[in-house]
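**Student:** Sharing a structure, written as C-alpha cells. Questions coming.
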Amino acid sequence: MGTQVKDVVIKSDAPSALLLDKHADYIAAYGSKKDDYEYTLSEYLRMSGIYWGLTVMDLMGQLTRMNQQEISDFIKSCQHDCGGISASIGHDPHVLYTLSAVQILSLYDSVNVLDVDKVVEYVRGLQQEDGSFAGDKWGEFTFSNCNQISPTEGLPSLWNHNPFPCFFFWKGGWGLKGGM
Numbered sequence: 001m002g003t004q005v006k007d008v009v010i011k012s013d014a015p016s017a018l019l020l021d022k023h024a025d026y027i028a029a030y031g032s033k034k035d036d037y038e039y040t041l042s043e044y045l046r047m048s049g050i051y052w053g054l055t056v057m058d059l060m061g062q063l064t065r066m067n068q069q070e071i072s073d074f075i076k077s078c079q080h081d082c083g084g085i086s087a088s089i090g091h092d093p094h095v096l097y098t099l100s101a102v103q104i105l106s107l108y109d110s111v112n113v114l115d116v117d118k119v120v121e122y123v124r125g126l127q128q129e130d131g132s133f134a135g136d137k138w139g140e141f142t143f144s145n146c147n148q149i150s151p152t153e154g155l156p157s158l159w160n161h162n163p164f165p166c167f168f169f170w171k172g173g174w175g176l177k178g179g180m
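Listed below in C-alpha cells is the structure:
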C-alpha cells in the first residue's frame, strides 16, 4: 500500500462550519451566466445538472431561490413528440433525462407540466422482453431506468417484472440484460 500524501494544508483560521449560504449563492448563480464557457460545454448534461442543483438547494431549504417557471418552461421545451425528454433543447430524448425531468418537477409538485401519458408511453416503449430498459431508441443502456418506476403519484407504475436479474452487485448498478 502506498503512502498517503498530504497535499493540502488547512490553516488554523479556516472556517470550521459548513457555509451553506455561500454554497446556495454559488448554485443559485451557476446557470445565470449562459455565455460562460463551462455553461456551454455542459449542455449535454443540463437536465441532470438542474436536478442535482435543485436537489441540493431543496436540502439546504433554498429551493424557492430558483426560478420555477423558467425551469418548468425549459423542461417542457425538452419534451419530444415521442414523450421522452432530452438533456437540453436540440438533443435526443433519453430515459436518464426523462427521469431527471420527472424528479425536478416532482420537487415542485408540477409533473402536470409534461404530457404524462406520453412520458409513460416513452418509458414503456423502452422496456425490453426480459424486463430491462434501453436508455434510448437505439438501445443504449442507462443504470437509472429502474428509478423511473413511479417517483410521483402523477405517473403510474412502470414495473411489471422482477428487476433483480438485471442488477449487478459487483457493479452497484443495473444492466441491460441479466448476467452482463
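full-length UniProt numbering puts the first residue of the sequence shown at 1, with every later residue one more than the last.
Glycine is no exception: its CB is placed at the ideal position from the N, C-alpha and C atoms.
If you're wondering where the values come from, they're calculated on a predicted model, not measured in any experiment.
Compare the beta carbon distance of G90 and E121 with 8 Å and say whether it is the shorter of the two.
**Tutor:** Stepping through the sequence shown from its first residue, residue 90 is reached at position 90. Stepping through the sequence shown from its first residue, residue 121 is reached at position 121. Going by C-beta atoms, G90 is not nearer than 8 Å to E121.
**Student:** What separation, rounded to the nearest whole angstrom, lies between the Cα atoms of Q79 and L19?
**Tutor:** Residue numbering aside, residue 79 sits at position 79 when the sequence shown is read from its first letter. Residue numbering aside, residue 19 sits at position 19 when the sequence shown is read from its first letter. In a straight line, the C-alpha of Q79 is about 36 Å away from that of L19.
**Student:** Count the other C-beta atoms from every protein chain shown that fall within 10 angstroms of the C-beta of P15, then say buried if there are 16 or more, exposed otherwise.
**Tutor:** Reading the sequence shown from its first residue, position 15 is the one you call residue 15. Exposed: under 16 other Cβ atoms inside 10 Å.
**Student:** Assuming contact is defined by CB atoms lying nearer than 8 Å, are S88 and M57 in contact in what I supplied?
**Tutor:** As a first step, residue 88 must be located in the sequence shown, where it is residue number 88. As a first step, residue 57 must be located in the sequence shown, where it is residue number 57. Cβ atoms of S88 and M57: not closer than 8 Å.
**Student:** Which residue or residues does DSSP assign as beta-bridge partners of S86?
**Tutor:** Counting from 1 along the sequence shown, the entry for residue 86 is found at position 86. According to DSSP, which records beta bridges pairwise, S86 is partnered with P93.
**Student:** Identify whether Q4 lies in helix, strand or coil by the three-state DSSP scheme.
**Tutor:** Position 4 of the sequence shown, counted from the first residue, corresponds to residue 4. In this structure, Q4 counts as coil in the three-state DSSP scheme.
**Student:** By how many angstroms is the C-alpha of F74 removed from the C-alpha of L107?
**Tutor:** Numbered from 1 along the sequence shown, position 107 holds the residue referred to as residue 107. Numbered from 1 along the sequence shown, position 74 holds the residue referred to as residue 74. So the two alpha carbons sit approximately 15 Å from each other.
**Student:** Using the beta-carbon count (16 or more within 10 Å), is T98 buried or exposed?
**Tutor:** Position 98 of the sequence shown, counted from the start, is the residue given in the question as residue 98. Burial call: buried.
**Student:** Can you tell which of G2, M60, V119 and I10 has the C-alpha that lies nearest to the C-alpha of A24?
**Tutor:** Along the sequence shown, one-based indexing puts residue 24 at 24. The residue with the shortest Cα to Cα distance from A24 is M60.
**Student:** Quick one: does the C-beta of A87 sit closer than 7 Å to a heavy atom of the ligand PLP?
**Tutor:** As for the ligand PLP, it is missing from this structure, which has no ligand bound.
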